[in-house]
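2 protein chains.
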Amino acid sequence: MKKKKMHLLQYMMPPVTHHSSATWKPRNMTMTNAFQWNRPEIWQEVAQIAERGKLDAVFFADTEGIYSEYENSYKSAVRYASQVPCYEPSVLMAFMGAVTKHIGLTMTFSVAGYPPYILARKLATLDHLSRGRVGWNVVTAFHKNASENLGLSVEQYHLSHDQRYDRLEEYMEVCYKLWDSWEPDAIVMDAENNIFADPEKVHPINHEGKWFKCKGPLNIDRSPQGRPVILQAGQSSRGIQFAAKHAELIFTLQPDREAMKVYYNRLKEGAVKAGRDPDDVRVCFGLQVFVGETEEIARAKAALHNSLVPAEAGVTILSGHLGYDLSKHGLDELIADLKVPGIQGMIDAYKHSSSKNITIREAGMLHGRGVMTPQLVGSPEQVADWMEETMKEVGGDGFLLSPAYLPGSLEEFVELVVPILQKRGLARTEYVENGTLRDNLKALNA
Amino acid sequence: MKKKKMHLLQYMMPPVTHHSSATWKPRNMTMTNAFQWNRPEIWQEVAQIAERGKLDAVFFADTEGIYSEYENSYKSAVRYASQVPCYEPSVLMAFMGAVTKHIGLTMTFSVAGYPPYILARKLATLDHLSRGRVGWNVVTAFHKNASENLGLSVEQYHLSHDQRYDRLEEYMEVCYKLWDSWEPDAIVMDAENNIFADPEKVHPINHEGKWFKCKGPLNIDRSPQGRPVILQAGQSSRGIQFAAKHAELIFTLQPDREAMKVYYNRLKEGAVKAGRDPDDVRVCFGLQVFVGETEEIARAKAALHNSLVPAEAGVTILSGHLGYDLSKHGLDELIADLKVPGIQGMIDAYKHSSSKNITIREAGMLHGRGVMTPQLVGSPEQVADWMEETMKEVGGDGFLLSPAYLPGSLEEFVELVVPILQKRGLARTEYVENGTLRDNLKALNA
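Keeping their order, the protein sequence lines are chains S and P.
Position one of the first sequence corresponds to residue 1 (the numbering used here), numbered consecutively onward.
Position one of the second sequence corresponds to residue 447 (the numbering used here), numbered consecutively onward.
Below you can see the structure in the form of structure tokens.
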């Protein structure tokens, strides 16, 4: 029987930290460059290594603000580089696209700050210039400082979770209409008759909905993929419903195989309910890999990395996620004693730590070192074994690699683990010739 | 006496036409590539040629819609590629920045569709990744289809000209505050003490004005230039006042030296009134150059180019500029007979054509072949002479080159004209080592 291959994506937060608060620390590990987050070269190198490893895509998370819940101030986030600085991802992706040919360029954009026309246009531009390699991770989030930065109206900021998803559904509808507004063969370039494009094959969208008005057509011809690949990371039940309907690639952070399986099954059932082929809805699990030539080397690396993470950096992020200022409590108080909405979900997610009964400090360490991404530590064979077994047991479609250091941790994975996965028939060995990101996603297990 | 050097910028509209409706026509002239507007390579080549010629910057105009005034439809613009397709310029500039080191990357963004935070963040990202080469051409315009695409409220769309400039002044204020929100030495990267950045050197902006609310700080550290170079092309008296106050580089399309001189003097007087050194307010005049080894070759090229321009393409643009549907009139009616607001300004601008008393068709040709940019046709020496004399007579600071075909017309200018200007001490021969765009602007005549 032919084995199922895994999708592999490289997670990043556009500088300076990603899932790990230690990432910025210079030469903390096997880094080939000191970490210069504000230079394109290091990101271009990451994209090239990912392409060498035949990964599906590189991915950038994004945010339009600084977590300011902890101590009711942005200061802790700035001090610990807790998801700040954070660059505009499409510009960064363009620099990476300029030195690569195959790797997918996928990134988060929130629908909070942009009219759909502007976002649809930006993504279509990048899809053209990268020859069809763009993916968009759709996010509704209005985090507090982002809302304050964008000057959102009080009504907008206080939208309920469900209202945000209603608004998002309409946002997607407008984007789809814009991307479809030029037929594939609209451009004729008939110089003799002065016809650049056939106007009968370009259509206004005349959208007038509850949330948005947009006349169209898009002022950009149809890009190679038409619509970019849609990504999603929804965890709420409404989020999962949205993902099952729209997404082609889904990320999730789950503490163990049991939880992965529950999520995976919910998503696939949702896809069927939404009338889609469940194989088109690919679920990838977040994973922070430490790999070395031997298990001992890997363990030593993980230990060094984890020792470089300050708990406060993670508590700052956790306060942001909860929308609650944890500085009101001592670091040694138990998470389970907090009376905070959303805390039970966190506690469930801590299952992969030794005990549910952890302190704020311990929770901070978990958030600071990987925002709850499970760490996988071992020799190349051990890492490959765990990934293979997880896929077999859970039924997942692949992994989203969260870097503990860059470009070192990706480079080690590509050098040490990918060849084993390829040998076992579990990973891509060639890209589709002149293929788009969607072509490559579809071809993996075709 | 040391001669004054000219600033030189390359104008473009991100694909497919620029100031000339003939640009898209494949191999219409000495093009080294068939014109593939949707591939990065041709734009990267343009940037590299401009850098070889030691120009200050490449420049992209931008619009978020399709001119739909003519026949009350987008169809004519689509047919003739009248400023459509038009790609998002920052993404395109990033691809160009990835293959160059010195050339400035300047582009238009309208303040209509974005909160200031989003635009400030995008420009700061590009300024980081390009090592300080970014310039922003500030535009307030709400053209009709763009407004309809962005879903602007009725109140926003019906802002008066002066209200738009009031709003713009506040927009700039918010951007400046955001760009200044990180002190230059805020980042300390002290790994031992877990301090990435010193939070006391990062400041909220707490802006609450008439038009915008923004808390800040920017979630991006200070970029090499801090604030990007500000460009402007205002023609109205309020526009000129804005430019004199904010802009470091100003573009203008003027029909002849007399008009150039009037504009130039107004700008410099405005700069003095605004308390600025008039040398910091550089005025560049639009120019469409046809140059050949001999005058005859240049004339033949111009004739071919102009014959490839359909009048309707220009009438479509002119209708957009006037906000008036010229299809209600025959192409042979006289422009002077139209009862349209703004028409007198156009008539004045037509002075460089043989007669003020031109028909709609003739006006369309002028708009279609260069949106009223004067054409300069001649041998390399003749072109250099005209440019030198114009600078001497008018007192201007340089030129904005409008391409009739790409990359050919830029390549010819760089190969044939630039060496003459350099030899005469009228053009840059070296960039400032590791200099930003602003460093290069300041150093030219320092």
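Beta carbons are placed, not taken as given, at the ideal position from N, Cα and C, and that holds for glycine.
Can you give me, in chain order, the residues of the stretch 40-68 of chain S that have a beta carbon less than 8 Å from any beta carbon in chain P? Listed by position along the chain: Pro40, Gln44, Thr63, Glu64, Gly65 and Ile66.
According to DSSP, is S/Asn194 helix, strand or coil? To locate residue 194 of chain S, count along the first sequence from 1; it is residue 194. Secondary structure of S/Asn194 (DSSP, three-state): coil.
What did DSSP end up calling P/Met542 once you bin it into helix, strand or coil? Translated into the one-based positions of the second sequence, residue 542 of chain P becomes position 96. In the displayed model, P/Met542 falls within a helix according to three-state DSSP.
Going along the chain, which residues of the stretch 515-537 of chain P sit with their C-beta nearer than 7 Å to a C-beta in chain S? Listed in sequence order: Tyr520, Lys521, Val524, Arg525, Tyr526, Ala527, Val530, Pro531, Cys532, Tyr533, Glu534, Ser536 and Val537.
Cβ of P/Asn479 within 8 Å of any chain S Cβ: For the purposes of this step, residue 479 of chain P is taken as residue 33 along the second sequence, with counting starting at 1. For P/Asn479, the pLDDT reaches just 47, beneath the cut-off of 50, and the residue's location in the model is therefore unreliable, although a value from the coordinates is still provided. For P/Asn479, no CB of chain S lies under 8 Å from its own CB, so it is not counted at the interface with that chain.
Nearest-angstrom beta carbon gap, S/Pro310 and S/Gly471 [assumed within contact, 8 Å]: Given that chain S is displayed from residue 1 to residue 446, the structure contains no residue 471 of chain S and the question cannot be resolved.
Just verifying my parser: in three-state terms, what is the DSSP assignment at S/Phe290? Taking the first sequence and counting its residues from 1, one reaches residue 290 of chain S at position 290. It is a strand residue.
Based on the DSSP output, what are the partners of P/Thr805 in its beta bridges? Translated into the one-based positions of the second sequence, residue 805 of chain P becomes position 359. Per DSSP, P/Leu780.
Element boundaries [alpha helix (DSSP H), containing P/Ser556]: Taking the first residue of the second sequence as 1, we reach residue 556 of chain P at position 110. Where P/Ser556 is concerned, there is no enclosing alpha helix (DSSP H), although the beta strand (DSSP E) it sits in stretches over Gly550 to Ser556.
Three-state secondary structure assigned by DSSP to P/Thr476: The residue you call residue 476 of chain P lines up with position 30 of the second sequence. In this prediction, P/Thr476 scores a pLDDT of 44, lower than 50, which makes its location untrustworthy; the coordinate-derived value is nonetheless stated afterwards. If DSSP states are grouped into helix, strand and coil, P/Thr476 belongs with coil.
In terms of alpha-carbon separation, which member of S/Val174, S/Ala446 and S/Ala259 lies closest to S/Gly448? As displayed, chain S neither begins before 1 nor continues past 446, which places residue 448 of chain S out of reach and without an answer.
I need the straight-line Cα distance from P/Ala632 to S/Thr63, nearest angstrom please. Locating residue 632 of chain P in the second sequence gives position 186, where the first residue counts as 1. Locating residue 63 of chain S in the first sequence gives position 63, where the first residue counts as 1. One C-alpha to the other measures close to 21 Å.
Mapping the DSSP letters down to three states, classify P/Lys888 as helix, strand or coil. Position 442 of the second sequence, counted from the first residue, corresponds to residue 888 of chain P. It is helical.
Does the beta carbon of S/Ile195 sit closer than 8 Å to a beta carbon anywhere in chain P? Here residue 195 of chain S corresponds to residue number 195 of the first sequence, with the count starting at 1. It does; some Cβ of chain P falls within 8 Å.
Buried or exposed for S/Thr429, going by 16 or more other Cβ atoms inside 10 Å? As a working mapping, residue 429 of chain S is identified with position 429 in the first sequence. With fewer than 16 Cβ atoms within 10 Å of its Cβ, S/Thr429 is classed as exposed.
At a Cβ cut of 9 Å, what residues of the stretch 857-876 of chain P count as close to chain S, listed as they run along the chain? Against chain S - using a Cβ distance shorter than 9 Å - the stretch 857-876 of chain P contributes no residues.
Pull up the distance between the alpha-carbon of S/Phe447 and that of S/Asp397, whole angstroms please. Residue 447 of chain S lies beyond the stretch modelled for chain S, which goes from 1 to 446, so this question has no answer here.
Amino acids of chain P, ordered along the chain, whose beta-carbon sits closer than 8 Å to that of S/Gly151: Numbered from 1 along the first sequence, position 151 holds the residue referred to as residue 151 of chain S. Residues of chain P with a Cβ closer than 8 Å to the Cβ of S/Gly151 are, in chain order, Pro561, Tyr563, Phe658, Lys659 and Cys660.
Report the residue ranges of all alpha helix (DSSP H) runs contained in full by the stretch 676-736 of chain P; include only those spanning at least 4 residues, in chain order. Within the stretch 676-736 of chain P, the complete alpha helix (DSSP H) runs of at least 4 residues are 683-692 and 703-719.
C-beta contact flag for P/Leu768 and P/Thr805 at 8 Å: Counting from 1 along the second sequence, the entry for residue 768 of chain P is found at position 322. Counting from 1 along the second sequence, the entry for residue 805 of chain P is found at position 359. For the pair P/Leu768 and P/Thr805, the CB atoms are not nearer than the 8 Å cut-off.
How would you call S/Ala464, buried or exposed, if buried means at least 16 neighbouring beta carbons within 10 angstroms? The structure shown has nothing for residue 464 of chain S, since chain S only spans 1 to 446.
Within the continuous beta strand (DSSP E) that includes P/Gln821, where are the two ends? Counting from 1 along the second sequence, the entry for residue 821 of chain P is found at position 375. DSSP places P/Gln821 in the uninterrupted beta strand (DSSP E) bounded by Gln821 to Gly824.
Contacts around S/Lys210, its chain only, beta-carbon distance under 7 Å, and the 5 residues preceding and following it disregarded: Within the first sequence, residue 210 of chain S is the residue found at index 210, counting from 1. In chain order, Glu170 place their CB closer than 7 Å to the CB of S/Lys210, counting only its own chain and leaving out the 5 sequence neighbours on each side.
Would you verify that the beta carbon of S/Thr30 is, or is not, closer than 8 Å to some beta carbon of chain P? Along the first sequence, one-based indexing puts residue 30 of chain S at 30. Note that S/Thr30 scores 44 on pLDDT, short of 50, meaning its location in the model is unreliable; the coordinates nonetheless yield the value given after this. No, S/Thr30 lies away from the interface with chain P (no Cβ there is under 8 Å from its Cβ).
Can you tell me whether S/Gly342 is buried or exposed, with buried defined as 16 or more other CB within 10 angstroms of its CB? For the purposes of this step, residue 342 of chain S is identified with residue 342 of the first sequence, where counting begins at 1. By the neighbour-count rule (16 or more Cβ atoms within 10 Å), S/Gly342 is not buried but exposed.
So what does P/Trp582 bridge to, in DSSP terms? As a first step, residue 582 of chain P must be located in the second sequence, where it is residue number 136. P/Met553 and P/Ile676, per the DSSP bridge assignment.
Of all the CB atoms in chain P, is at least one closer than 8 Å to the CB of S/Ile220? Against the first sequence, residue 220 of chain S aligns to sequence position 220. Interface residue, yes.
So, under 8 Å CB-CB, P/Lys449 and P/Gly871 are touching, yes? Tell me the CB distance rounded to an integer number of Å. On the second sequence, residue 449 of chain P is found 3 positions in, with the first residue counted as 1. On the second sequence, residue 871 of chain P is found 425 positions in, with the first residue counted as 1. Taking 8 Å as the upper bound for CB-CB distance, P/Lys449 and P/Gly871 are in contact here, some 4 Å apart.
DSSP beta-bridge partners of S/Leu8: Locating residue 8 of chain S in the first sequence gives position 8, counting from the first residue. Looking at the DSSP output, S/Leu8 bridges to S/Phe399.
Can you say whether P/Gly685 is buried or exposed, counting buried as having 16 or more other CB atoms within 10 angstroms of its CB? Translated into the one-based positions of the second sequence, residue 685 of chain P becomes position 239. So P/Gly685 ends up on the buried side.
For S/Ala446, is the classification buried or exposed, using 16 other Cβ atoms within 10 angstroms of its Cβ as the cut-off for buried? Position 446 of the first sequence, counted from the first residue, corresponds to residue 446 of chain S. Exposed, because fewer than 16 other Cβ atoms sit within 10 Å of the Cβ of S/Ala446.
Quick check on the DSSP output: the beta strand (DSSP E) that includes S/Ala57 runs from which residue to which? Taking the first sequence and counting its residues from 1, one reaches residue 57 of chain S at position 57. Per DSSP, S/Ala57 belongs to the beta strand (DSSP E) from Ala57 to Phe60.
Check whether the Cβ atoms of S/Gln254 and S/Phe285 lie closer than 8 Å to each other. Counted from its first residue, the first sequence places residue 254 of chain S at position 254. Counted from its first residue, the first sequence places residue 285 of chain S at position 285. Yes, the Cβ-Cβ distance between S/Gln254 and S/Phe285 is below 8 Å.
Quick check on P/Ser466: buried or exposed, where buried means 16 or more other Cβ atoms within 10 Å of its Cβ? Indexing the second sequence from 1 puts residue 466 of chain P at position 20. Its Cβ being crowded by 16 or more others within 10 Å, P/Ser466 is buried.
Quick one: Cα of P/Gln734 to Cα of P/Asp608, how far? Along the second sequence, read from residue 1 onward, the residue named residue 734 of chain P stands at position 288. Along the second sequence, read from residue 1 onward, the residue named residue 608 of chain P stands at position 162. Straight-line spacing of the CA atoms in P/Gln734 and P/Asp608 works out to 32 Å.
Is the shortest distance between the beta-carbon of S/Thr125 and the beta-carbons of chain P less than 8 Å? Walking along the first sequence from the start, residue 125 of chain S turns up at place 125. For S/Thr125, at least one C-beta of chain P is nearer than 8 Å to its own C-beta.
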